[in-house]
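Numbering (mature numbering (1 follows the signal peptide of the UniProt record, and there is no 0)), first residue to last: -24 to -1, 1 to 443. The beta carbon of each residue, even a glycine, is placed where N, CA and C say it ideally should be. Quick caveat, the model's predicted, so the values are computed rather than measured.
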């Protein structure tokens, strides 16, 4: 009985504390939407906020603003066609070579880097993401709970808030850290083939409505069926614990074949995939066959960038480009070689076209600050409105630029933003309260106070979920 209590506690806690490695055994196309509060009274958006912040604090996420912006745009493009799902879900890429992706309560999508590298087209990747959004849209965990009311591991989900964020049980905490009991518990609440088939059908509608190639879904399912492998993960590993039915594959292939829709794929997917390959999973592959020449050159330049050979990057790519991913890599290399004015000239027109692109704005601000105009650099950053998904690296660099510009209150705000997004409310509150005790202009004081109120509200929300 004691062991069962620990297992249940581990399951409940892992649902919200969620170290990503605890879920590595299988959510791809068999996603387990963890921690639904369908049987309780807790606000799902509140769970989503706190869960995503916990994940960002404890998991090995890729916090590069360029990549977080890219994956957010891709998921948002799909989410607008997923009924009942937030149109701006929380989304992150975790640095994990396994082929996996999963959705979580509160509208969270986590994508393994290994999955991205295992796809051949943007539509294949979008198909997996659409499938996960379909699980959220169809409220599959809620329905599963209703179907399995007598399961000892489902009983207790109604009091999920009691164990959601923190535990006073050292035994349960140890079980979470080991992952063993949590994984065993999760395996007992995996979705049925019926739910998987429904997620395929709904996901295909989401995929098509967003103007991706509907063949992306059967294409990826066929890889699972064949147990194909590549340098980034064994697709058959998933199938050992979650076999794919022939009927499900045939049905998806048939439905996709009957859909006629204009396809709009972006080359940005190829650039993002190659950046992940070169920077975050380097050493496992030396090239990608069949990619466009400009992407191949970008891939070569990334290899030079990873070795800190910035002049090598400029030799491959030149010093100007209108293609955003290429321009960002060139500008970073120009900044690294102190050619700040060239980077500013190239990026300024692009920044006018994409004023809310965090990576672009940050690299431009670094170029401007490098030239010596630190106040204007800070002004550029001050115009940007970060989203919940903005990479944490943005806030770290923005804090540094604000300090250089003598905007010490703004530097504190950027630090508070970072701590807010990782659930480190105590540190954010202490820093804001300290700077508020100083002499501040009224408009600055009001800005600091608003951020402090936001931190306090988040802290209160977290304390409520602990009760």
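{"Asked": "Identify whether residue 364 lies in helix, strand or coil by the three-state DSSP scheme.", "Found": "coil"}
{"Asked": "In chain order, what residues of the same chain have a beta carbon less than 8 Å from the beta carbon of residue 416, not counting five sequence neighbours either side?", "Found": "385 and 424"}
{"Asked": "What is the DSSP secondary structure of residue 69, reduced to helix, strand or coil?", "Found": "strand"}
{"Asked": "When the Cβ atoms of the segment 51 to 63 are set against those of the segment 31 to 42, are three or more pairs found closer than 8 Å?", "Found": "no"}
{"Asked": "Assuming residue 271 is part of the alpha helix (DSSP H), what are its boundary residues?", "Found": "269 to 282"}
{"Asked": "Can you have a look at residue 216 and say buried or exposed, based on whether 16 or more other CB atoms are within 10 angstroms of its CB?", "Found": "Note that residue 216 scores a pLDDT of 41, beneath 50, so its modelled location is shaky; the value from the coordinates is reported in the next line. By the 10 Å Cβ count, residue 216 comes out exposed."}
{"Asked": "Name the one or two DSSP bridge partners that residue 79 has.", "Found": "85"}
{"Asked": "Under DSSP, the alpha helix (DSSP H) around residue 399 begins and ends at which residues?", "Found": "No alpha helix (DSSP H) contains residue 399, which DSSP labels as neither H nor E."}
{"Asked": "Going by the CB atoms, is the gap between residue 68 and residue 186 shorter than 8 Å?", "Found": "no"}
{"Asked": "What are the residues that DSSP puts in a beta bridge with residue 37?", "Found": "70"}
{"Asked": "CA-CA distance, residue 231 and residue 307?", "Found": "45 Å"}
{"Asked": "Once DSSP output is grouped into helix, strand and coil, what is the label at residue 53?", "Found": "helix"}
{"Asked": "Once you ignore the five residues that flank residue 381 on each side, which residues in its own chain have a CB closer than 7 Å to its CB?", "Found": "350, 351, 353 and 354"}
{"Asked": "For the alpha helix (DSSP H) containing residue 325, name the first residue and the last one.", "Found": "316 to 329"}
{"Asked": "State yes or no: is the C-beta of residue 236 nearer than 7 Å to some heavy atom of the ligand ADP?", "Found": "Looking at this structure, you won't find the ligand ADP or any other ligand, since it has none at all."}
{"Asked": "By how many angstroms is the C-alpha of residue 282 removed from the C-alpha of residue 224?", "Found": "42 Å"}
{"Asked": "How would you write the range of the alpha helix (DSSP H) that residue 99 sits in, first residue to last?", "Found": "98 to 113"}
{"Asked": "With three or more C-beta pairs closer than 8 Å as the rule, is the segment 80 to 100 touching the segment 22 to 30?", "Found": "yes"}
{"Asked": "Thinking C-beta only, is residue 342 closer than 8 Å to residue 311?", "Found": "yes"}
{"Asked": "Return the chain-ordered list of same chain residues with a C-beta closer than 7 Å to the C-beta of residue 407, the five sequence neighbours on each side being excluded.", "Found": "388, 391 and 392"}
{"Asked": "Can you tell me whether residue 325 is buried or exposed, with buried defined as 16 or more other CB within 10 angstroms of its CB?", "Found": "exposed"}
{"Asked": "Please state if the CB of residue 65 and the CB of residue 55 are separated by a distance shorter than 8 Å.", "Found": "yes"}
{"Asked": "Tell whether a beta-carbon distance below 8 Å holds between residue 333 and residue 45.", "Found": "yes"}
{"Asked": "So for residue 60, helix, strand or coil by DSSP?", "Found": "coil"}
{"Asked": "Throw me the rounded Cβ distance for the residue 93 and residue 249 pair, which I believe falls under 8 Å.", "Found": "6 Å"}
{"Asked": "Can residue 196 and residue 241 be called in contact, C-beta distance under 8 Å?", "Found": "no"}
{"Asked": "Work out the CA separation of residue 345 and residue 377 for me, nearest whole Å.", "Found": "7 Å"}
{"Asked": "So the candidates are 198, 428 and 247; which of them puts its Cα closest to the Cα of residue 299?", "Found": "247"}
{"Asked": "How is residue 432 classed by DSSP in three states: helix, strand or coil?", "Found": "helix"}
{"Asked": "Just verifying my parser: in three-state terms, what is the DSSP assignment at residue 341?", "Found": "helix"}
{"Asked": "What are the start and end residues of the alpha helix (DSSP H) that includes residue 333?", "Found": "Residue 333 -> no alpha helix (DSSP H), and no H or E assigned at all."}
{"Asked": "Under DSSP, the alpha helix (DSSP H) around residue 169 begins and ends at which residues?", "Found": "169 to 185"}
{"Asked": "Is it right to say residue 296 is buried, meaning 16 or more other beta carbons lie within 10 angstroms of its own, or is it exposed?", "Found": "exposed"}
{"Asked": "Could you pull out every residue in the same chain whose Cβ sits closer than 6 Å to the Cβ of residue 374, ignoring the five residues on either side in sequence?", "Found": "357 and 390"}
{"Asked": "Would you tell me roughly how many angstroms separate the C-alpha atoms of residue 434 and residue 420, rounded to the nearest one?", "Found": "21 Å"}
{"Asked": "Shortest alpha-carbon distance to residue 400 belongs to which of 369, 432 and 411?", "Found": "432"}
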